[in-house]
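Novice:
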Amino acid sequence: MIGKKKPKSPARPEPVAAQWRNRIVGEAEVSPNKLLANPRNWRLHPEQQQAALAGVLTRREYFREYMRKRRSFLEFREKEALASVMRRRQNPDPSRLAAKQWRERNPDTVRSQREKYDTPEQKAKRWKLYYIANRNVLLERSKQQRRSHPEYKRISERRRKAMRKKSLCLLTTKDIAVILCSPCRCCGSMVDLTLAHDLAISRGGATTKDNCFCLCRSCNSQMHTKTWAEFSALQSQRP
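Under this note's numbering, the residues of the sequence shown are numbered 28 to 266, in order.
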């Protein structure tokens, strides 16, 4: 089937070059605040768009001001830190005194920081230096402690004796104090109480809660190295 031929479209006319007219009548340097909109310009933005643009410009200026102030603050802080370092180098004694006073006012903070960052070797070294510098004071304090609390001395002697015998000692000072709060198991006395062992250390006993109880000094001396069963049987045979 032979289709109909399409009619030829008419030839397009050649575009005519637009005639531009120069509307610039002059030039000058004027401050932006003095520029006025031309009332004949039809490309004016609507009021909502103008308000939005004003808000964006305001926020931009606010951000610029914030960054300028922050930059000034960082520069000021850097200068202050540098000046503080120079002052400490020139006058070390006031700086050390201020640091010492701060440590005295905040002992808990200093202790927590040391426990957090110090290793056992550093702690041992610091204690050794402190002991060397304050040896006489520490010895006098230890003497006064032993005089005012003789029970602590007896506890330390028991521990030393257990270590010599290679015996097990699992009682703390608080556990021993709890045991010594009870009356003497033999006579019921509450005077001059001591810690007694059911199985004596010399016979292989250990300083544990199950093996220890409270006796007065007199009953403990009579018990000596006997077990509690042996001692109570001996006491029952006496008139």
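Backbone N, C-alpha and C fix where the C-beta goes; we use that ideal spot for every residue, glycine too.
Cβ atoms of M250 and F258: under 7 Å apart, would you say?
Specialist: Closer than 7 Å, so yes.
Novice: Starting from T221, trace the beta strand (DSSP E) in both directions and tell me its first and last residue.
Specialist: Taken as a continuous stretch (DSSP letters only), the beta strand (DSSP E) holding T221 covers 220-224.
Novice: Count Cβ pairs between the region 206-213 and the region 163-177 that sit closer than 8 Å; are there 3 or more?
Specialist: As far as the Cβ criterion goes, the region 206-213 does not touch the region 163-177, which means the pair count is below three.
Novice: Under the rule that 16 or more other beta-carbon atoms within 10 Å means buried, what is R231, buried or exposed?
Specialist: Per the sequence shown, the amino acid found at residue 231 is Gly instead of Arg. Answer is exposed; the Cβ neighbour count stays below 16.
Novice: What's the C-alpha gap between T252 and A227?
Specialist: So the two alpha carbons sit approximately 5 Å from each other.
Novice: From the DSSP output, in three-state form, read off T254 for me.
Specialist: In this structure, T254 counts as coil in the three-state DSSP scheme.
Novice: Determine the burial state of N247: buried for a count of at least 16 other Cβ atoms within 10 Å of its Cβ, exposed for fewer.
Specialist: Buried.
Novice: Under 8 Å by Cβ, that's how I've got C213 and Q262 pegged, so tell me the actual separation to the nearest angstrom.
Specialist: About 7 Å; that satisfies the 8 Å criterion.
Novice: Count the other CB atoms, across all protein chains shown, that sit within 10 Å of the CB of A160; report buried if there are 16 or more and exposed otherwise.
Specialist: Per the 10 Å Cβ criterion, exposed.
Novice: Beta carbon of L220, beta carbon of C243: below 7 Å?
Specialist: A contact, by the Cβ cut-off of 7 Å.
Novice: With burial defined as no fewer than 16 other Cβ atoms inside 10 Å of the residue's Cβ, what is the status of N60: buried or exposed?
Specialist: When all chains shown are included, N60 counts as exposed.
Novice: Rounded to whole angstroms, what is the Cα-Cα separation between H224 and Y144?
Specialist: Each residue's Cα considered, the two are about 43 Å apart.
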